[in-house]
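**Student:** FYI, the UniProt record's numbering numbers position 70 of the sequence shown as 70, with every residue one higher than the one before it. Idealized CB from N, CA, C, for every residue including glycine.
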Amino acid sequence: MERLRLALFQPDIPQNAGTLFRLSACLGLGVDVIEPCGFVFDDRKLKRAGMDYLDRARVVRHASWEAFALTLAKTGRRLVLLTTRGEHRHDHFSFLPGDTLMVGRESSGVPPDIAALAAARVRIPMVTGPRSINVALAAAMVTGEALRRLDGFPDESPAEEGME
């Protein structure tokens, strides 16, 4: 089983999706995209953010929440939702190998009925006032913490020339 996977629930902003595809390519993680997306999947903004890393990203597109949920059930993966309403702080949460970390739509998160289906809901502690952290940044923060706790970062390899 993979160390972790990322899941993007009906993403609205192609630049955020491209950034997360690049993150997944660099860390060797798979990404599930739960459609419909709020953009055309081959959008130039997606390509610009993902750069030449898009070919390295292991992206699986799911036509709907139901299709994704079926795949999740078949694989036995635990769904961990990143949400400002999470019961658990991400830095105190016990991640497990094989977890799927899901972020919601930038515009509206995930519907309450889907949030209720997650095995766990985690939040990033923030100061009072701001509404939320950008979805790509939040996913990167929580993914980094999960990989650190699981000793799941890939073995280092030298950076390719010009790829920094």
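1) Would you mind giving the Cβ-Cβ distance between V103 and F9, rounded to the nearest angstrom? I have them listed as a contact below 8 angstroms.
2) Does DSSP classify M126 as helix, strand or coil?
3) Taking A139 and L20 to be in contact with their CB atoms under 8 angstroms, please state how far apart those CB atoms are, rounded to whole angstroms.
4) Measuring straight from C-alpha to C-alpha, what distance separates A17 and S94?
5) Taking residue 209 as the reference, give the member of I34, E35, L6, P36 with the closest Cα.
6) Who are the near neighbours of G86 in its chain, counting only those whose CB is closer than 7 angstroms to its CB and skipping five residues on each side?
7) Would you mind stating whether H88 and E145 have Cβ atoms separated by less than 9 angstroms?
8) Check each candidate in F39, E66, D52 and name the one with the smallest Cα separation from A25.
9) DSSP three-state call for G76: helix, strand or coil?
10) With the cut-off set at 9 angstroms, would you say L117 and A57 are in Cβ contact?
11) Which residue from F39, V31, I34 puts its Cα closest to that of I13?
12) In this structure, what does DSSP give as the bridge partners for D32?
13) What are the boundary residues of the alpha helix (DSSP H) that includes T19?
**Tutor:** To lay it out plainly:
1) The residue given as residue 103 occupies position 103 in the sequence shown. The residue given as residue 9 occupies position 9 in the sequence shown. The pair is a contact, with the Cβ atoms about 7 angstroms apart (cut-off 8 angstroms).
2) Reading the sequence shown from its first residue, position 126 is the one you call residue 126. Of the three classes helix, strand and coil, the one that applies to M126 here is coil, per DSSP.
3) Here residue 139 is taken as the residue at index 139 of the sequence shown, counted from 1. Here residue 20 is taken as the residue at index 20 of the sequence shown, counted from 1. A139 to L20, Cβ: 6 angstroms. Contact.
4) Along the sequence shown, read from residue 1 onward, the residue named residue 17 stands at position 17. Along the sequence shown, read from residue 1 onward, the residue named residue 94 stands at position 94. Cα to Cα, A17 sits roughly 26 angstroms from S94.
5) The structure shown does not extend to residue 209, since the chain spans only 1 to 164, so no value can be given for it.
6) On the sequence shown, position 86 is the one that residue 86 refers to. Excluding sequence neighbours, G86 sits near R121, V122, R123.
7) Here residue 88 is taken as the residue at index 88 of the sequence shown, counted from 1. Here residue 145 is taken as the residue at index 145 of the sequence shown, counted from 1. No, these two residues do not count as a Cβ contact at 9 angstroms.
8) Here residue 25 is taken as the residue at index 25 of the sequence shown, counted from 1. Nearest C-alpha to A25: D52.
9) For the purposes of this step, residue 76 is taken as residue 76 along the sequence shown, with counting starting at 1. Secondary structure of G76 (DSSP, three-state): coil.
10) Your numbering for residue 117 matches position 117 in the sequence shown. Your numbering for residue 57 matches position 57 in the sequence shown. Using a Cβ distance threshold of 9 angstroms, L117 and A57 do not count as a contacting pair.
11) As a first step, residue 13 is located in the sequence shown; it is residue number 13 there, counting from the start. The residue among F39, V31, I34 with its C-alpha nearest the C-alpha of I13 is F39.
12) Taking the first residue of the sequence shown as 1, we reach residue 32 at position 32. In DSSP, D32 forms a bridge with A7, V60.
13) Within the sequence shown, residue 19 is the residue found at index 19, counting from 1. From DSSP, the alpha helix (DSSP H) with T19 extends over 14-27.
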